[in-house]
Amino acid sequence: MGEITKNEKQFVGYEYKDITVKRIMEPVFTDGYPNFGWVLEGTSTPVGSVGSVTLKFKRDRKIRNKVELTRLQRQFESCTTEIQTLERSKTITASVLGYVLGVSGTAFMAGSVFANINDLFVLSIVLAIPGFIGWIIPYFCYSRIRQTKTEQLIPMIDRKYDEIYEVCEKGNGLLAK
Numbered sequence: 000m001g002e003i004t005k006n007e008k009q010f011v012g013y014e015y016k017d018i019t020v021k022r023i024m025e026p027v028f029t030d031g032y033p034n035f036g037w038v039l040e041g042t043s044t045p046v047g048s049v050g051s052v053t054l055k056f057k058r059d060r061k062i063r064n065k066v067e068l069t070r071l072q073r074q075f076e077s078c079t080t081e082i083q084t085l086e087r088s089k090t091i092t093a094s095v096l097g098y099v100l101g102v103s104g105t106a107f108m109a110g111s112v113f114a115n116i117n118d119l120f121v122l123s124i125v126l127a128i129p130g131f132i133g134w135i136i137p138y139f140c141y142s143r144i145r146q147t148k149t150e151q152l153i154p155m156i157d158r159k160y161d162e163i164y165e166v167c168e169k170g171n172g173l174l175a176k
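So, in C-alpha cells, the structure goes:
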C-alpha cells in the first residue's frame, strides 16, 4: 500500500512569480529566468501599462541550490535594471537640452509677436530670428547628443549583457548538478 507505482504522480509544490517588464526586455527575462529554475507559464498585457508585459513563472519549491540560484537571480535582475537605466540615459540629456532650446525659441517668438502687435516691426524681426532658430536647432542637437551618448554607453551596456550571460551560465550549471 505504501509503495508508489509508475502510474501515480509525485506531488510537486511550486512557487510562483509574476514580473512586469518592458516589452523590449521580455526576451532577456524569458531566456534568463529558466537558468534559475523558473518555467514560463504564460504572458499577459497589464492594464494601463503600455509597452509592458507580465511574465508568469513557476518553479519547484524543493529545487536544489535554491539559495544560490536566488542570489544569482537577484544579480541578474540588478543587471537588467542597470541596462534599462543606461538605455534611458541615452535620451535624457538630449531631451532636456532640446526642450530648453525649444521653449527659449518659443519665448523669443512670443516676444516677436508682442513686438509686432505694438508696431515694433524691427524688434519683431530681431526676436523672430532666434525664435525660428530655437525651433529648428533642438532636433539637430537632440540627434547629435543622443548619438554621442549612445556611442559612450554601448560598451557599458554590452558589458552588462556579458555579466547577465555569465550569471545565467552559473545558474544553469547549478541546475545541472
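Positions 0 to 176 (numbering that gives the first Met the number 0) are the ones given, in order, by the sequence shown.
Quick reminder that beta carbons are idealized off the backbone N, C-alpha and C, glycines included.
This one's a predicted model, so the numbers in the text were calculated from it and none came from an experiment.
Query	Result
In the structure shown, what three-state DSSP assignment does ILE62 receive?	coil
Among SER111, SER88, LEU96, ALA106, which residue has its Cα nearest to the Cα of GLU150?	SER88
So for VAL46, helix, strand or coil by DSSP?	coil
Is GLY36 helix, strand or coil when you go by DSSP?	coil
Give the DSSP bridge partners of TYR18, in chain order.	Residue identity check: residue 18 is Ile in the sequence provided, not Tyr. According to DSSP, which records beta bridges pairwise, ILE18 is partnered with LEU54.
On the three-state DSSP scale, how would you describe GLY12?	coil
Would you decide whether ARG58 is buried or exposed? Buried here means 16 or more other CB atoms lie within 10 Å of its CB.	buried
ASN117: buried (16+ other C-beta within 10 angstroms of its C-beta) or exposed?	exposed
Considering only their Cβ atoms, is the gap separating LEU173 from LEU68 smaller than 8 Å?	yes
Let me make sure I understand the geometry here. Which of GLN74, LEU96, GLU86, LEU54 has the alpha-carbon closest to that of THR44?	LEU54
Should TYR98 go down as buried or exposed, given a rule of 16 or more other Cβ atoms within 10 Å for buried?	exposed
Grab the span of the alpha helix (DSSP H) containing ILE124 for me, first residue to last.	120 to 175
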